[in-house]
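Residue 332 in our numbering sits at position 325 of the sequence shown; the count goes up by one each step and never skips. Only one structure is covered here, and it is reproduced in the block below.
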Amino acid sequence: MATPPNSPGAQSQVAWVSKEARPISLRQLMVFGRSLNEQRLISSANYVRTELPRRIAHRLRDMQTLPYCVVANPHFNEVYELYYAAFDKFRRVPEIRTLQDNDSFCQVISSMLKAHLSVIPKLSMGILEVSADGMLPAQELDGFMNAILRSRMSRRVIAEQHLSLTETFQTPSFSTGVKDSDTEFIGKVFLKCNAAEVIQRCSQAVLDLARSAYGEDVALPEIKLAGHLDTSFPFILSHIEYIIGELLRNSVQAVIERQIRDGTASTAPPPIEVTICESSKHVVIRVSDQGGGISSDVLPYLWSFCKGPHSQRILSNLTHVPRMAATLQEVRVDEPPASEVKASTKRASYVSSLSSLTSRPPNLRLGMGLPLSRIYAEYWAGSLELQSLWGYGVDVFFQISKLGNKNEQLLTRAMVDAI
Numbered sequence: 008m009a010t011p012p013n014s015p016g017a018q019s020q021v022a023w024v025s026k027e028a029r030p031i032s033l034r035q036l037m038v039f040g041r042s043l044n045e046q047r048l049i050s051s052a053n054y055v056r057t058e059l060p061r062r063i064a065h066r067l068r069d070m071q072t073l074p075y076c077v078v079a080n081p082h083f084n085e086v087y088e089l090y091y092a093a094f095d096k097f098r099r100v101p102e103i104r105t106l107q108d109n110d111s112f113c114q115v116i117s118s119m120l121k122a123h124l125s126v127i128p129k130l131s132m133g134i135l136e137v138s139a140d141g142m143l144p145a146q147e148l149d150g151f152m153n154a155i156l157r158s159r160m161s162r163r164v165i166a167e168q169h170l171s172l173t174e175t176f177q178t179p180s181f182s183t184g185v186k187d188s189d190t191e192f193i194g195k196v197f198l199k200c201n202a203a204e205v206i207q208r209c210s211q212a213v214l215d216l217a218r219s220a221y222g223e224d225v226a227l228p229e230i231k232l233a234g235h236l237d238t239s240f241p242f243i244l245s246h247i248e249y250i251i252g253e254l255l256r257n258s259v260q261a262v263i264e265r266q267i268r269d270g271t272a273s274t275a276p277p278p279i280e281v282t283i284c285e286s287s288k289h290v291v292i293r294v295s296d297q298g299g300g301i302s303s304d305v306l307p308y309l310w311s312f313c314k315g316p317h318s319q320r321i322l323s324n325l326t327h328v329p330r331m332a333a334t335l336q337e338v339r340v341d342e343p344p345a346s347e348v349k350a351s352t353k354r355a356s357y358v359s360s361l362s363s364l365t366s367r368p369p370n371l372r373l374g375m376g377l378p379l380s381r382i383y384a385e386y387w388a389g390s391l392e393l394q395s396l397w398g399y400g401v402d403v404f405f406q407i408s409k410l411g412n413k414n415e416q417l418l419t420r421a422m423v424d425a426i
């Protein structure tokens with residue numbers, strides 16, 4: 008894994024590490040993409056061209072400063088090699104000057120995004136193995152994992168935003184004078200993400216999955232929606248779908264499995280209540296269930312990627328997950344059908360992708376849904392909190408910054424050094 012200190016790549020990495028990341032907000036993504044033209048597209052390409060190696064270099068530095076016994080883990084080593092190859096590739100990309108240059112650059116971005124789908128499972132397996140061997144305290148490993156996953160999320164946001172802007176620009180019907188009222192998306196940003204609609208789509212996907220998993224004889228809980236149902240805000244749809252999908256999936260499974268344990272699987276279970284509350288600056292979504300709560304042997308590890316006595320079981324499950332996109336469909340081994348790729352609108356392609364949620368069986372517990380959901384929530388200056396009452400149920404509170412004016416929450420070098 009070691010990179011020769013005097014090699015050109017190592018010297019280049021030192022230079023890139025000296026540059027802090029330049030965070031962006033949802034509002035900046037919207038404003039920049041609102042009046043898309045050739046000059047803006049090329050400017051976007053050059054931002055991505057210089058920002059990706061900058062952010063990857065910082066994560067390489069984090070891995071290089073870990074104890075050798077940690078980085079020698081084969082899963083960590085594979086991730087390091089992927090990161091170094093990506094850094095070396097992006098740092099060599101020359102300035103983007105033409106649309107043809109941008110097309111070539113987009114091919115590089117797409118190939119790297121696909122190659123890095125294995126990062127989350129590999130990191131998770133590495134963390135579990137290292138923590139089980141006691142090589143590093145769980146708190147330090149969680150700090151490292153949070154930093155590297157938040158950075159990964161940030162890179163995918165800016166990369167996928169540029170790919171989406173390029174796709175929009177190349178659409179035959181594209182007009183540089185398009186107004187916000189004429190479109191639902193600017194790149195990957197959904198301008199008017201309606202919380203109630205997202206919850207309803209995720210609810211249907213989760214209930215369909217539960218029906219296929221538990222069979223026709225098991226009664227499913229009703230998911231009741233209340234509160235400010237007209238609430239909308241700018242957001243990246245795949246992020247909120249992942250969070251809501253995981254929260255509902257956890258609640259539905261908990262309620263059903265409690266009914267099965269109690270011998271009342273065929274009787275109507277208590278509903279899952281989802282409440283939307285809107286203020287001038289925030290939206291809070293509360294998910295409440297009566298699934299029995301979280302047991303005391305699981306609760307201490309709930310937000311951690313280190314699972315203590317549960318590590319071996321989760322490690323075994325992770326071996327069945329070669330790639331993970333961390334979207335609502337979560338595990339995507341196969342490419343999407345052509346009918347999805349060619350959907351007439353971005354909304355249609357997002358909705359059709361929900362069917363892939365069934366890719367992961369319910370009994371394949373990975374222990375990553377809540378930690379990943381919290382990273383997604385905090386990335387745009389939101390939060391995710393949970394209250395459990397053992398023997399009764401769980402309340403989860405997901406807070407969203409609704410104005411889109413908060414920068415992505417990145418970890419600086421000083422913050423990482425303090426971990």
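Each residue gets a CB set at the ideal place from its N, CA and C atoms; glycine is no exception. Remember, it's a predicted structure, so these values are computed and weren't measured experimentally.
{"Check": "Whole runs of the alpha helix (DSSP H) within the segment 238-314, excluding any shorter than 4 residues", "Outcome": "244-269"}
{"Check": "Buried versus exposed, by CB contacts within 10 Å (16 or more), Gly252", "Outcome": "buried"}
{"Check": "Gln406 and His289 closer than 8 Å at C-beta", "Outcome": "yes"}
{"Check": "Cβ neighbours of Arg256 in the same chain (closer than 6 Å, five flanking residues each side left out)", "Outcome": "Val213"}
{"Check": "Local conformation of Pro343 per DSSP, three classes", "Outcome": "In this prediction, Pro343 scores a pLDDT of 40, lower than 50, which makes its location untrustworthy; the coordinate-derived value is nonetheless stated afterwards. Of the three classes helix, strand and coil, the one that applies to Pro343 here is coil, per DSSP."}
{"Check": "Nearest to Thr274 (by Cα), restricted to the options Ile103, Asn412 and Ala226", "Outcome": "Ala226"}
{"Check": "Ser42 - DSSP class collapsed to helix/strand/coil", "Outcome": "coil"}
{"Check": "Proximal residues to Val423 (C-beta, below 7 Å), its chain only, five neighbours per side dropped", "Outcome": "Annotation note: pLDDT 44 at Val423 (below 50); position unreliable, coordinate value reported separately. Contacts found: Asp69 and Ala154."}
{"Check": "Within 8 Å, strictly: CB atoms of Ala145 and Ser311", "Outcome": "yes"}
{"Check": "Rounded straight-line distance, which links the Cα of Leu417 to that of Ser131", "Outcome": "20 Å"}
{"Check": "Inter-stretch contact at 8 Å, needing at least 3 Cβ pairs: the segment 259-275 / the segment 304-322", "Outcome": "no"}
{"Check": "Alpha-carbon to alpha-carbon, Asp269 and Pro276", "Outcome": "11 Å"}
{"Check": "Simplified DSSP assignment, three categories, for Lys199", "Outcome": "strand"}
{"Check": "Option in Pro101, Asp108, Tyr90 and Gly150 with minimal Cα separation from Leu124", "Outcome": "Tyr90"}
{"Check": "Of the listed residues Gln107, Gln266, Gly315 and Phe240, nearest to Ser286 (C-alpha basis)", "Outcome": "Phe240"}
{"Check": "Continuous alpha helix (DSSP H) assignments of at least 4 residues falling wholly in the segment 80-120", "Outcome": "81-98"}
{"Check": "Whole-angstrom distance between Val305 and Leu236, CA atom to CA atom", "Outcome": "34 Å"}
{"Check": "Cβ pair count under 8 Å reaching 3, the segment 171-180 against the segment 44-63", "Outcome": "yes"}
{"Check": "Check whether Ile116 and His65 have beta carbons under 8 Å apart", "Outcome": "no"}
{"Check": "For Ile155, the first and last residue of its enclosing alpha helix (DSSP H)", "Outcome": "Ala145 to Gln177"}
{"Check": "Residues that Val403 bridges to, as DSSP identifies them", "Outcome": "Val294 and Leu393"}
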